[in-house]
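Step one of this worksheet: look at the structure below.
2 protein chains.
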Amino acid sequence: MPRSQRRRTALTHPEPEEFDVLDILHAMSDPTRMTIVRTLRSAPERACGTFPVDVAPSTLSHHFRVLRESGVIRQREEGTRRWTTLRAEDLDRRFPGLLDAIVTAYETSAAGREQPVAAGRADRHDPRS
Amino acid sequence: MPRSQRRRTALTHPEPEEFDVLDILHAMSDPTRMTIVRTLRSAPERACGTFPVDVAPSTLSHHFRVLRESGVIRQREEGTRRWTTLRAEDLDRRFPGLLDAIVTAYETSAAGREQPVAAGRADRHDPRS
DNA sequence: ACCGTTGTACGATGTTTGTCGAATGAAAGA
DNA sequence: TCTTTCATTCGACAAACATCGTACAACGGT
Numbered sequence: 061m062p063r064s065q066r067r068r069t070a071l072t073h074p075e076p077e078e079f080d081v082l083d084i085l086h087a088m089s090d091p092t093r094m095t096i097v098r099t100l101r102s103a104p105e106r107a108c109g110t111f112p113v114d115v116a117p118s119t120l121s122h123h124f125r126v127l128r129e130s131g132v133i134r135q136r137e138e139g140t141r142r143w144t145t146l147r148a149e150d151l152d153r154r155f156p157g158l159l160d161a162i163v164t165a166y167e168t169s170a171a172g173r174e175q176p177v178a179a180g181r182a183d184r185h186d187p188r189s
Numbered sequence: 061m062p063r064s065q066r067r068r069t070a071l072t073h074p075e076p077e078e079f080d081v082l083d084i085l086h087a088m089s090d091p092t093r094m095t096i097v098r099t100l101r102s103a104p105e106r107a108c109g110t111f112p113v114d115v116a117p118s119t120l121s122h123h124f125r126v127l128r129e130s131g132v133i134r135q136r137e138e139g140t141r142r143w144t145t146l147r148a149e150d151l152d153r154r155f156p157g158l159l160d161a162i163v164t165a166y167e168t169s170a171a172g173r174e175q176p177v178a179a180g181r182a183d184r185h186d187p188r189s
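These protein sequence lines map, in sequence, to chains F and Y. At position 61 of the first sequence (counting the first as 1) the number is 121 in my numbering, and the numbers step up by one without a gap. At position 27 of the second sequence (counting the first as 1) the number is 87 in my numbering, and the numbers step up by one without a gap.
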């Protein structure tokens, strides 16, 4: 039996029709979560531990859940890793231009300039190297 | 001495350069505040008591403060009234397309359809009539 | 001078949120 | 099999938040 069926709580992903704009705005109004989103824009898929954020693993898990349950990200399991992607197409189909307007706005602001998010492959990334 | 100079706390309005996207997203992620913003889009200027929201006056004051201090609205005093406007131009100059993308997204969602915001003049509006 | 209108400030309250540490579960490798 | 790695859930905690009632301040009219 694959791991995805054995998890105590299955990964819940809302359908695009269920997206709530207020939930999405709330999800993206946190600096850590905004960093996650920006990182995913320049990396197709990443494992949880490879994000350039400075919080405890359990905190990161919490932020992923907020993003996932609002529809911003999708997570898929493979072995011990959990791969995360941005649901850019789903978001854009439901709310055209929203994601782009928000991230662009953030990156043109002062806060966005302070911490440029590095692009590049993340599938074999080791944060301790 | 006019009232605006006698208030214990003066009305603080951040400059467009000081706008913080995360603050704006947080400000607009609340249903009551979203209603305020949507109402202001279809009414040039409104007094505080004329908004179609169902909260206590003190709660409304709180929401106005959140919106004002994040740069979303501007408030000006005149007699006993406090006139509120949307800072659409300032917002659009600083973060092009952001306000429109957010409000449009909200109004195309289910939550937006449930409570259409009425347009019309508000300068002489009497909620008890 | 007095009152009604308008909206705020303050204090209290219950909820949500962000944070962490510890324990847990599952898979991969030794 | 044992250990390491990856990421989660749980419980706890302080801070922030939405809400309200009450008291208050300022203006405008009577």
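Think of the CB as a built atom: it goes at the ideal place given N, C-alpha and C, for glycine as much as any other residue.
Q. If we count Cβ pairs, one from each stretch, closer than 8 Å, do we get three or more for the segment 162-171 of chain Y versus the segment 112-126 of chain Y?
A. no
Q: Determine the direct distance from the alpha carbon of L82 (chain Y) to that of T119 (chain Y), and round the result to whole angstroms.
A: 22 Å
Q | Boundaries (first-last residue) of the beta strand (DSSP E) holding L146 (chain F) | A | R141 to L146
(Q) Whole angstroms are fine: how far does the CA of V113 (chain F) sit from the CA of I96 (chain F)? (A) 8 Å
Q.
Quick test of your reading: L100 (chain Y) and L85 (chain F), contact by CB under 8 Å. State the CB separation rounded to the nearest angstrom.
A. Incorrect: roughly 17 Å between the Cβ atoms, too far for contact.
Q: Just the C-alpha distance for P76 (chain Y) and G157 (chain Y), rounded to the nearest angstrom, thanks.
A: 15 Å
**Q.** Simplified DSSP state of A87 (chain Y), which is helix, strand or coil
**A.** helix
Q. What separation, rounded to the nearest whole angstrom, lies between the Cα atoms of A161 (chain F) and D160 (chain Y)?
A. 9 Å
Q: Over the uninterrupted alpha helix (DSSP H) stretch that includes E137 (chain Y), give me the two end residues.
A: First-last for E137 (chain Y): I133 to E138, but that is the beta strand (DSSP E), not the alpha helix (DSSP H).
Q: Measure from the alpha carbon of V177 (chain F) to the alpha carbon of each residue in F:G131, F:Q135 and F:A103, then state which is nearest.
A: F:A103
Q: Using the Cα positions of T72 (chain F) and R136 (chain F), report the straight-line distance between them to the nearest angstrom.
A: 11 Å
(Q) Short of 7 Å in beta carbon distance, which residues of its chain neighbour A87 (chain Y), apart from the five on each side in sequence? Order them along the chain. (A) R93, V126, L127, S130 and V132
Q) If you count every other CB in all the chains shown that lies within 10 Å of the CB of T1 (chain F), and 16 or more means buried, which is it? A) Residue 1 (chain F) cannot be examined here, being either before or after the span of chain F that is shown, 61 to 189.
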